[in-house]
Amino acid sequence: MGRMTGAKAYVKALEHEGVTHVFGITGAALIPICDEMLGSDIRYIPGVHEQGSAHMADGYARASGKPGVVQVTSGPGATNIVTGVATAQLDSSPLVAFTGQVPMSMVGTDAFQEVDIIGVTASITKWNYQVREAGRIPWAVKAALQVSNSGRKGAVLVDIPKNVTTDEAEMDFDANVEFPGYQPRMEPDPTELDWAARALADAERPVIIAGGGVVASGAAPELTALAELLNAPTATSLMGKGAIPSSHPLSLGLLGMHGRTEANYMIPDADVLLVAGSRFSDRTTGALAGFAPEAKIVHLDIDKSEIDKNVDSVTKVWGDAKTSLSRLVKQIKAYRMHNGNGDWARRIEEHKKSIEWPDDTSDLTGPNIIKAIRKALPEDALVTTDVGQHQMWAAIHFDVYEPGTFMTSGGLGTMGWGTPAAIGAKAAKPERTVLNISGDGSFAMTENNLAVAVDEDLPIIVVVFNNRMLGMVAQWQRLFMEGRYSAVHRDYALDFAELAKTYGAHGVRAETMKELNSELRRAVDADYTTVIDVPIDPEENVYPMIPPGMGLKDILTKD
Amino acid sequence: MKPLNVISFLVENKPGVLFNISNNFRRKNFNIHSITAIAGEDEDTTRITITSRGEAHEITKLVEQLDKMVDVIVVKRLDPLRTIQRDMALVKLHTVDPMAQEEALETINHYKGLILDIKPDTIIAQVTGSVNEVSEFMRDVKHIGIIEAARTGITAIEKGWITLEDTHIL
Numbered sequence: 186m187g188r189m190t191g192a193k194a195y196v197k198a199l200e201h202e203g204v205t206h207v208f209g210i211t212g213a214a215l216i217p218i219c220d221e222m223l224g225s226d227i228r229y230i231p232g233v234h235e236q237g238s239a240h241m242a243d244g245y246a247r248a249s250g251k252p253g254v255v256q257v258t259s260g261p262g263a264t265n266i267v268t269g270v271a272t273a274q275l276d277s278s279p280l281v282a283f284t285g286q287v288p289m290s291m292v293g294t295d296a297f298q299e300v301d302i303i304g305v306t307a308s309i310t311k312w313n314y315q316v317r318e319a320g321r322i323p324w325a326v327k328a329a330l331q332v333s334n335s336g337r338k339g340a341v342l343v344d345i346p347k348n349v350t351t352d353e354a355e356m357d358f359d360a361n362v363e364f365p366g367y368q369p370r371m372e373p374d375p376t377e378l379d380w381a382a383r384a385l386a387d388a389e390r391p392v393i394i395a396g397g398g399v400v401a402s403g404a405a406p407e408l409t410a411l412a413e414l415l416n417a418p419t420a421t422s423l424m425g426k427g428a429i430p431s432s433h434p435l436s437l438g439l440l441g442m443h444g445r446t447e448a449n450y451m452i453p454d455a456d457v458l459l460v461a462g463s464r465f466s467d468r469t470t471g472a473l474a475g476f477a478p479e480a481k482i483v484h485l486d487i488d489k490s491e492i493d494k495n496v497d498s499v500t501k502v503w504g505d506a507k508t509s510l511s512r513l514v515k516q517i518k519a520y521r522m523h524n525g526n527g528d529w530a531r532r533i534e535e536h537k538k539s540i541e542w543p544d545d546t547s548d549l550t551g552p553n554i555i556k557a558i559r560k561a562l563p564e565d566a567l568v569t570t571d572v573g574q575h576q577m578w579a580a581i582h583f584d585v586y587e588p589g590t591f592m593t594s595g596g597l598g599t600m601g602w603g604t605p606a607a608i609g610a611k612a613a614k615p616e617r618t619v620l621n622i623s624g625d626g627s628f629a630m631t632e633n634n635l636a637v638a639v640d641e642d643l644p645i646i647v648v649v650f651n652n653r654m655l656g657m658v659a660q661w662q663r664l665f666m667e668g669r670y671s672a673v674h675r676d677y678a679l680d681f682a683e684l685a686k687t688y689g690a691h692g693v694r695a696e697t698m699k700e701l702n703s704e705l706r707r708a709v710d711a712d713y714t715t716v717i718d719v720p721i722d723p724e725e726n727v728y729p730m731i732p733p734g735m736g737l738k739d740i741l742t743k744d
Numbered sequence: 005m006k007p008l009n010v011i012s013f014l015v016e017n018k019p020g021v022l023f024n025i026s027n028n029f030r031r032k033n034f035n036i037h038s039i040t041a042i043a044g045e046d047e048d049t050t051r052i053t054i055t056s057r058g059e060a061h062e063i064t065k066l067v068e069q070l071d072k073m074v075d076v077i078v079v080k081r082l083d084p085l086r087t088i089q090r091d092m093a094l095v096k097l098h099t100v101d102p103m104a105q106e107e108a109l110e111t112i113n114h115y116k117g118l119i120l121d122i123k124p125d126t127i128i129a130q131v132t133g134s135v136n137e138v139s140e141f142m143r144d145v146k147h148i149g150i151i152e153a154a155r156t157g158i159t160a161i162e163k164g165w166i167t168l169e170d171t172h173i174l
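From first to last, the protein sequence lines are chains Z and X.
Position in the first sequence (from 1) plus 185 gives the number in our numbering.
Position in the second sequence (from 1) plus 4 gives the number in our numbering.
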């Protein structure tokens with residue numbers, strides 16, 4: 186309580202709601218707010234481009250489980266975060282963006298650095314709001330953090346005109362935030378749950394697909410318990426990676442376009458398929474006709490609109506993954522112990538054994554580099570990726586032992602996400618090693634964020650899979666366009682190792698597996714930002730691959 | 005043509021909510037056929053009625069998306085068999101010919117319309133009814149000569165005790 190300016194109330198409200206880190210870039214519309222931040226314990230991490238700051242806040246959110254806050258000025262500051270906001274929204278990451286705005290008296294006049302960011306972000310936010318009176322600031326800050334991090338998490342944007350930050354008003358920091366139309370459902374309906382439990386208990390060939398919702402709700406232990414109870418092999422979507430430890434005997438790994446053969450082969454044979462916290466994206470299902478045609482699908486999701494959106498389910502469980510999965514385990518146990526489905530369990534083993542991965546680990550191939558990274562990193566290290574071939578190699582081959590330690594731009598596929606997201610993750614968990622698996626195309630999009638890693642003492646490791654190509658597009662051109670390359674070459678003179686040094690980071694080029702291993706070891710031990718540039722064969726394809734528009738069993742495994 | 009559906013909303017009366025709703029129709033590939041909206045007596049909520057063409061299963065998915073919006077309190081596709089819907093038209097007719105004027109008055113009476121204004125050469129009629137009734141009226145007076153017409157679009161309410169708010173509580 187008390188009378189104060191909007192700017193002061195904004196900073197106090199952030200503190201009151203437990204925000205400890207703010208990423209962003211200032212500007213004319215933010216001067217009053219940044220002035221108030223001087224007296225605050227909130228750590229302000231200045232960026233070099235707003236897109237990077239938004240990705241940092243997103244990486245922070247994914248690593249910490251708390252909302253990530255990005256704060257940028259009006260106009261170009263606001264439009265520059267659009268990619269970051271969309272990335273977070275598509276991956277259900279709790280990002281809260283505060284944008285400065287021209288004073289209310291000038292809103293709508295095309296004033297200097299004015300943009301209608303509320304209109305611009307309407308389609309890519311869970312909720313957005315323009316604060317029009319100073320007295321509403323504490324409510325808006327609280328509402329934004331609450332909406333972003335509840336139910337199906339997502340991106341929220343709050344636009345604050347400059348006069349609202351300088352006006353004084355009576356402030357109430359304890360006012361309740363209530364939306365009559367927004368009550369996220371956590372508890373599943375008991376009848377729905379009962380149907381789901383019966384379907385699963387009666388299954389002879391159950392398979393589980395775990396998505397990002399399982400990771401986001403912290404339901405990995407419950408999921409693993411259910412898989413063990415049902416003896417159900419468990420595949421994950423890209424966002425669900427880590428929902429079951431990669432080393433678990435029931436783990437099938439990634440499914441979908443670049444999914445592992447065992448996952449893509451076992452799913453169509455299932456009689457009951459439990460899909461938990463996954464939204465049946467086209468990259469996950471392949472052609473819908475070939476996707477588990479025989480299976481009864483049980484869909485568990487916190488977002489009712491995802492149920493039956495792309496694939497019709499027989500039984501739906503609408504609720505939070507953690508709550509619902511633990512109820513399911515209890516319920517199924519109450520029915521009977523599972524029969525152990527001996528044949529099915531054997532087939533998992535056979536499938537896994539029948540798949541041959543090249544065992545020569547000496548070449549600098551995509552899979553080998555991923556395995557070398559895994560070996561060099563502590564088990565609890567945080568890994569981000571950029572987007573492209575390296576991302577898919579990581580998705581297929583990088584073993585995850587702890588949920589939430591593998592982060593990637595899955596839905597939007599934002600090249601350039603990984604480096605700033607890694608910095609944000611480091612800010613959230615400074616005691617952990619943080620590494621971004623990147624490609625030359627992706628890294629070049631946001632490499633300037635290295636300046637932030639160095640200046641702010643948030644050391645990260647970046648491994649650049651450098652094929653001097655936009656490799657994934659090149660792969661499609663090789664496979665589906667008779668090898669006609671167009672617009673994919675990147676033969677610039679840029680030397681990433683030298684570039685890193687310019688930013689004050691350590692930069693090195695690793696040309697052999699031996700060099701890579703020793704550089705990785707050194708980077709993990711060191712506490713400074715390191716870029717390891719690894720030249721790879723531009724003609725190497727990511728396998729397995731399901732050609733676009735084909736079904737799960739139409740998988741290609743080699744050239 | 006796909007069937008016309010009536011979707012009713014109760015939303016928070018805040019700037020941008022109607023924009024977000026119509027934006028969602030566009031995003032999900034629907035076209036709005038009619039839209040009516042007015043703030044409630046309390047000024048806290050707005051009731052919106054939108055009609056749009058689509059198959060039932062498509063509209064069901066759209067309604068799920070709309071229901072997810074933070075500012076939408078209730079949204080529902082109204083069951084056509086249990087719903088009263090009304091459309092209103094204000095129609096200005098060219099009636100300089102006395103025969104035309106007589107026919108216009110007869111037709112307006114037949115549709116239980118009101119005559120709001122008579123000038124020597126024009127009549128303004130108000131006709132209320134279901135969408136089909138109003139459309140039929142428009143067809144019947146077309147040959148007389150429509151100078152201008154304005155229609156409100158559909159507003160609708162469910163039969164019996166059930167209300168939109170009840171849906172929310174259920």
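Where a beta carbon is used, it is the ideal one built from N, C-alpha and C, also for glycine.
Short Cβ contact (8 Å threshold) for Z/Ala708 with Z/Ile646: Counted from its first residue, the first sequence places residue 708 of chain Z at position 523. Counted from its first residue, the first sequence places residue 646 of chain Z at position 461. Cβ atoms of Z/Ala708 and Z/Ile646: closer than 8 Å.
Boundaries of the beta strand (DSSP E) in which Z/Val658 is found, first to last residue: Taking the first sequence and counting its residues from 1, one reaches residue 658 of chain Z at position 473. Counting along the chain, Z/Val658 falls outside any beta strand (DSSP E), though it belongs to the alpha helix (DSSP H) covering Gly656 to Phe665.
Rounded C-alpha distance that separates X/Glu45 from X/Asn17: As a first step, residue 45 of chain X is located in the second sequence; it is residue number 41 there, counting from the start. As a first step, residue 17 of chain X is located in the second sequence; it is residue number 13 there, counting from the start. For X/Glu45 and X/Asn17, the distance between alpha carbons rounds to 11 Å.
X/Ile88 at chain Z interface by Cβ criterion, 8 Å: Numbered from 1 along the second sequence, position 84 holds the residue referred to as residue 88 of chain X. No, no contact with chain Z.
CB contact check: X/Asp75 to chain Z, cutoff 8 Å: Along the second sequence, one-based indexing puts residue 75 of chain X at 71. Answer yes: the Cβ-Cβ gap between X/Asp75 and chain Z drops below 8 Å somewhere.
Inter-residue CB distance, Z/Asp625 and Z/Asn651 (contact presumed, cutoff 8 Å): If you number the first sequence from 1, residue 625 of chain Z lands on position 440. If you number the first sequence from 1, residue 651 of chain Z lands on position 466. The pair is a contact, with the Cβ atoms about 4 Å apart (cut-off 8 Å).
Amino acids of chain X, ordered along the chain, whose beta-carbon sits closer than 9 Å to that of Z/Ile482: Reading the first sequence from its first residue, position 297 is the one you call residue 482 of chain Z. Simply none; closest approach about 16 Å.
Integer Cβ distance of X/Lys80 from X/Val67, believed to fall under 8 Å: Residue numbering aside, residue 80 of chain X sits at position 76 when the second sequence is read from its first letter. Residue numbering aside, residue 67 of chain X sits at position 63 when the second sequence is read from its first letter. With a Cβ gap of about 7 Å, X/Lys80 and X/Val67 count as contacting.
Beta carbon proximity, X/Gln130 to chain Z, threshold 8 Å: Translated into positions along the second sequence, residue 130 of chain X becomes position 126. Closer than 8 Å: no.
Interface residues of the region 351–378 of chain Z facing chain X [CB-CB below 8 Å]: Phe364, Pro365, Gly366 and Tyr367
Proximity below 8 Å, CB of Z/Pro373 to CB of Z/Ser335: Counted from its first residue, the first sequence places residue 373 of chain Z at position 188. Counted from its first residue, the first sequence places residue 335 of chain Z at position 150. Contact flag unset, no.
Nearest residue (CA-CA) to Z/Ser746, options Z/Ala461, Z/Ala638, Z/Met592 and Z/Gln574: Any question about residue 746 of chain Z goes unanswered here, given that chain Z covers just 186 to 744.
X/Asp91 (DSSP reduced to helix, strand or coil): Reading the second sequence from its first residue, position 87 is the one you call residue 91 of chain X. Judged by DSSP in its simplified three-state form, X/Asp91 adopts strand.
Z/Ala659 and Z/Val673 closer than 8 Å at C-beta: Taking the first residue of the first sequence as position 1, residue 659 of chain Z is located at position 474. Taking the first residue of the first sequence as position 1, residue 673 of chain Z is located at position 488. Yes, Cβ-Cβ distance for Z/Ala659 and Z/Val673 is below 8 Å.
Residues in the region 313–336 of chain Z having any Cβ partner in chain X nearer than 7 Å: Val332
Span of the alpha helix (DSSP H), counted from its first residue to its last, around Z/Val264: Numbered from 1 along the first sequence, position 79 holds the residue referred to as residue 264 of chain Z. The sequence shown places Thr at residue 264 of chain Z, not Val. Looking at the DSSP string, the run of the alpha helix (DSSP H) that includes Z/Thr264 is Pro261 to Thr264.
Any non-hydrogen atom of the ligand SAM within 7 Å of Z/Val292 CB: The ligand SAM is not part of this structure, which contains no ligands at all.
Three-way DSSP call (helix, strand, coil) for X/Leu174 in this model: On the second sequence, residue 174 of chain X is found 170 positions in, with the first residue counted as 1. Confidence in X/Leu174 is poor, its pLDDT being 42 and thus under 50, which makes the residue's placement unreliable; the coordinate value appears in the next sentence. If DSSP states are grouped into helix, strand and coil, X/Leu174 belongs with coil.
Any chain Z beta carbon closer than 8 Å to X/Asn9: The residue given as residue 9 of chain X occupies position 5 in the second sequence. Chain Z, which has no Cβ nearer than 8 Å to the Cβ of X/Asn9, makes this no.
C-alpha gap between Z/Leu275 and Z/Leu597, whole angstroms: Sequence index remark: in the first sequence, residue 275 of chain Z carries index 90 (1-based). Sequence index remark: in the first sequence, residue 597 of chain Z carries index 412 (1-based). So the two alpha carbons sit approximately 6 Å from each other.
Opening and closing residue of the alpha helix (DSSP H) in which X/Phe141 lies: By one-based count along the second sequence, residue 141 of chain X stands at place 137. Run containing X/Phe141: Val135 to Lys146, per the alpha helix (DSSP H) assignment.
Coarse secondary structure for Z/Asp718, derived from DSSP in three states: The residue you call residue 718 of chain Z lines up with position 533 of the first sequence. Z/Asp718: strand per DSSP, three-state reduction.
Touching by the beta-carbon criterion (3+ pairs, under 8 Å), the region 195–215 of chain Z and the region 251–260 of chain Z: yes
Those residues which DSSP pairs with Z/Ser402 across a bridge: To locate residue 402 of chain Z, count along the first sequence from 1; it is residue 217. Z/Ser402 is not bridged to any residue.
Integer Cβ distance of Z/Gly736 from Z/Phe476, believed to fall under 8 Å: Within the first sequence, numbered from 1, the residue matching residue 736 of chain Z stands at position 551. Within the first sequence, numbered from 1, the residue matching residue 476 of chain Z stands at position 291. With 8 Å as the limit, Z/Gly736 and Z/Phe476 qualify as a contact, their Cβ atoms being about 7 Å apart.
Cβ pair Z/Val362, Z/Ala412 closer than 8 Å: In the first sequence, counting from the first residue as 1, residue 362 of chain Z sits at position 177. In the first sequence, counting from the first residue as 1, residue 412 of chain Z sits at position 227. Cβ atoms of Z/Val362 and Z/Ala412: not closer than 8 Å.
Beta strand (DSSP E) runs contained entirely in the region 399–454 of chain Z, provided each spans 3 or more residues: 419–421 and 436–439
Assumed close pair Z/Pro732, Z/Thr742 - CB separation to whole angstroms, cut-off 8 Å: For this step, residue 732 of chain Z is matched to residue 547 along the first sequence. For this step, residue 742 of chain Z is matched to residue 557 along the first sequence. Rounded, the Cβ-Cβ distance is 12 Å, inconsistent with contact.
Buried or exposed (CB count within 10 angstroms, at least 16 for buried), X/Trp165: In the second sequence, residue 165 of chain X corresponds to position 161, counting from 1. X/Trp165 should be labelled exposed.
Completely contained beta strand (DSSP E) runs for the region 244–328 of chain Z, where each covers 3 or more residues: 253–257, 280–286 and 312–315
Reduced DSSP secondary structure (H/G/I, E/B, other) of Z/Thr569: Taking the first residue of the first sequence as 1, we reach residue 569 of chain Z at position 384. Here Z/Thr569 sits in strand by DSSP.
Best match in Z/Val255, Z/Ala461, Z/Asp548 and Z/Met189 for proximity to Z/Pro720 [C-alpha to C-alpha]: In the first sequence, residue 720 of chain Z corresponds to position 535, counting from 1. Cα-wise, what sits closest to Z/Pro720 is Z/Asp548.
Rounded C-alpha distance that separates X/Lys163 from X/Phe29: Translated into the one-based positions of the second sequence, residue 163 of chain X becomes position 159. Translated into the one-based positions of the second sequence, residue 29 of chain X becomes position 25. Near 26 Å, if we compare the C-alpha coordinates of X/Phe29 and X/Lys163.
Proximity test, Cβ basis, 8 Å: X/Glu68 and chain Z: On the second sequence, residue 68 of chain X is found 64 positions in, with the first residue counted as 1. For X/Glu68, the answer is yes, since a Cβ of chain Z falls inside 8 Å of its Cβ.
Z/Trp602 burial status per 10 Å Cβ neighbour count (16 or more: buried): For the purposes of this step, residue 602 of chain Z is taken as residue 417 along the first sequence, with counting starting at 1. That one is buried.
X/Leu8, enclosing beta strand (DSSP E) - first and last residue: Walking along the second sequence from the start, residue 8 of chain X turns up at place 4. Element bounds for X/Leu8: Leu8 to Glu16.
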